[in-house]
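Q:
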Amino acid sequence: MTKTARHFINLPDIGAEALKGILKQAHALKAEKFTPPQIFEGLSLAMVFDKRSTRTRISFEVAMKQLGGHTIVLNMEEMQISGAESIEDTGAVLSRFVDGVMIRMSDHKAMEELARHTTIPVINGMTNQSHPCQIMADIMTIEEKLGGIQGKKIAWMGDYNNVCKTFVQAAPLFDFDLAISCPEDLYAASVAPQEAARDADVIVTDTWVSMGQEGKAIEKFMPYQVNADLMARAKDTAIFMHCMPVHQDEEVSQEVLKSPACVIYDEAENRLHAQKAILAWCFEGAGVRLQKLAGF
Ligand code: CP
Ligand code: NVA
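For the sequence shown, our numbering gives the first residue as 3, with consecutive numbering after it.
So, in structure tokens, the structure goes:
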């Protein structure tokens with residue numbers, strides 16, 4: 003019997019129980035960092051990009067290799083799909099060569115279409131609509147730093163973008179409060195930055211100019227800059243997060259970046275541990291026999 007591939011594209015499609023299980027495993031894998039089990043031996047992951055990447059590319063590549071697997075990195079512009087080849091044929095052929103595909107593809111619907119034409123897992127490495135792997139690492143970081151995420155207040159500042167929209171999807175799944183402060187023409191239910199920050203456990207932001215939006219005016223975002231004044235309104239224990247890359251003194255001040263509240267490098271490192279657990283969940287769903295891991 004052919005199993006349906008477990009895609010990691012939309013957090014709500016995966017569901018709270020599976021997502022929490024993946025994070026539990028991510029924490030366990032982080033603890034096993036120096037003696038990684040070779041659970042991906044013999045498995046290959048294609049990594050396809052239509053945009054720049056540092057963290058996503060490196061964390062997936064290292065995740066596969068530390069657990070015994072292989073990767074093939076492809077620039078989408080150099081693939082036939084950028085010419086006349088159909089998504090259907092691309093998906094069918096990838097399925098014959100590799101065991102999974104992690105893809106950064108601007109067009110979210112096209113990624114979902116690719117998934118409909120593959121028999122292997124498709125992992126969302128970011129679209130213009132969402133960045134679920136980032137949010138998994140962010141939640142892992144919040145759990146690590148604050149002891150849990152349920153009931154916590156997370157304040158999002160700045161652009162109403164792909165990362166913010168994925169926090170919106172994650173909030174009901176992980177039961178946290180999300181206060182969004184963005185220009186109102188982008189998000190009608192926005193609250194003032196000071197109100198969003200008040201008693202927050204986490205203040206999070208992202209670039210005001212996502213990839214593909216180069217040349218966009220940024221003046222209207224200035225009131226949403228995360229600076230010491232805004233951080234002072236949050237809890238004393240509050241942390242500052244950012245998926246990176248950072249634009250210093252635009253969306254966040256240098257002072258906040260240098261403060262003890264700033265956990266962005268731990269957040270970036272957790273991409274690696276979260277990626278391993280996401281891959282394990284996808285491969286296990288595809289019928290690949292994985293040895294039992296602690297905490298899974
Ligand atoms: N945060 C993130 O996805 O970084 P990259 O664009 O470097 O992959
Ligand atoms: N919102 C940003 C995230 C980069 C990781 C972008 O889409 O470029």
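Positions of the beta carbon are idealized from the N, C-alpha and C atoms, including for glycine. Keep in mind it's a predicted model, so treat the numbers as computed, not measured.
(1) Let's test the definition: count the other Cβ atoms within 10 Å of the Cβ of Tyr267 and tell me whether it reaches 16, buried, or not, exposed.
(2) What is the rounded straight-line gap between the Cα of Cys135 and the Cα of Gln277?
(3) Which value, in whole angstroms, describes the spacing of the CA atoms of Pro123 and His9?
(4) Do you know how far the Cα of Gly85 is from the Cα of Glu114?
(5) I'd like the ranges of any alpha helix (DSSP H) spanning at least 4 consecutive residues and lying wholly in the region 131-163.
(6) I need the DSSP call for Val248, collapsed to helix, strand or coil.
(7) I need the boundaries of the alpha helix (DSSP H) containing Ala94, first residue and last residue.
(8) Between which two residues does the alpha helix (DSSP H) carrying Cys78 extend?
(9) Between which two residues does the beta strand (DSSP E) carrying Thr207 extend?
(10) Are three or more beta carbon pairs between the region 14-29 and the region 236-249 nearer than 8 Å?
(11) I think Val50 touches Ile105, with their Cβ atoms under 8 Å apart; what is that distance to the nearest whole Å?
(12) Can you name, in chain order, every residue of its own chain whose Cβ lies under 6 Å from the Cβ of Gly127, other than the five neighbours on each side?
(13) Going along the chain, which unbroken runs of the beta strand (DSSP E) with 3 or more residues stay wholly within the region 223-275?
(14) Kindly indicate which three-state DSSP category Thr168 falls into: helix, strand or coil?
(15) For Ser97, which residues in the same chain have their Cβ closer than 7 Å to its Cβ, ignoring the five residues on either side in sequence?
(16) Relative to the C-alpha of Trp210, which residue among Ala263, Tyr162, Glu43 is closest?
(17) Cα separation between Lys218 and Ser255?
(18) Which one of Gly150, Met138, Gln152, Gly149 has the shortest CA to CA distance from Cys166?
(19) Could you pull out every residue in the same chain whose Cβ sits closer than 8 Å to the Cβ of Met233, ignoring the five residues on either side in sequence?
(20) May I ask you to report which of helix, strand or coil DSSP gives Asp179?
A: This is what the structure gives:
(1) It counts as exposed.
(2) Near 7 Å, if we compare the C-alpha coordinates of Gln277 and Cys135.
(3) Roughly 5 Å separates the two Cα atoms.
(4) For Glu114 and Gly85, the distance between alpha carbons rounds to 19 Å.
(5) Runs of the alpha helix (DSSP H) lying entirely within the region 131-163, each at least 4 residues long, are 134-148 in chain order.
(6) Here Val248 sits in coil by DSSP.
(7) Counting along the chain, the alpha helix (DSSP H) containing Ala94 begins and ends at 89-99.
(8) Here residue 78 is Met; the residue named in the question, Cys, does not match the sequence. Met78 -> no alpha helix (DSSP H), and no H or E assigned at all.
(9) In the DSSP annotation of this structure, the continuous segment of the beta strand (DSSP E) that includes Thr207 starts and ends at 204-207.
(10) Because the criterion of three Cβ pairs below 8 Å is not met, the region 14-29 and the region 236-249 do not touch.
(11) Indeed, because the Cβ distance is near 4 Å, the residues count as touching under 8 Å.
(12) Answer for Gly127: Thr58, Met104, Ile105, Arg106, listed in chain order.
(13) For secondary structure counted as the beta strand (DSSP E) over 3 or more consecutive residues, the region 223-275 holds these complete runs in sequence order: 241-244.
(14) The three-state reading of DSSP puts Thr168 in helix, counting H, G and I together.
(15) Here the set comprises Thr120, Thr121, Ile122.
(16) Checking every option, the nearest Cα to that of Trp210 belongs to Tyr162.
(17) Going by the C-alpha atoms only, they are around 20 Å apart.
(18) It is Met138 whose Cα lies nearest to the Cα of Cys166.
(19) Within the same chain, Cβ atoms closer than 8 Å to the Cβ of Met233 are found at Ala199, Ile205, Ala240, Phe242, Val258, Ser261, Ala263, the five residues on either side in sequence being excluded.
(20) Asp179 sits in a strand when the DSSP states are folded into three classes.
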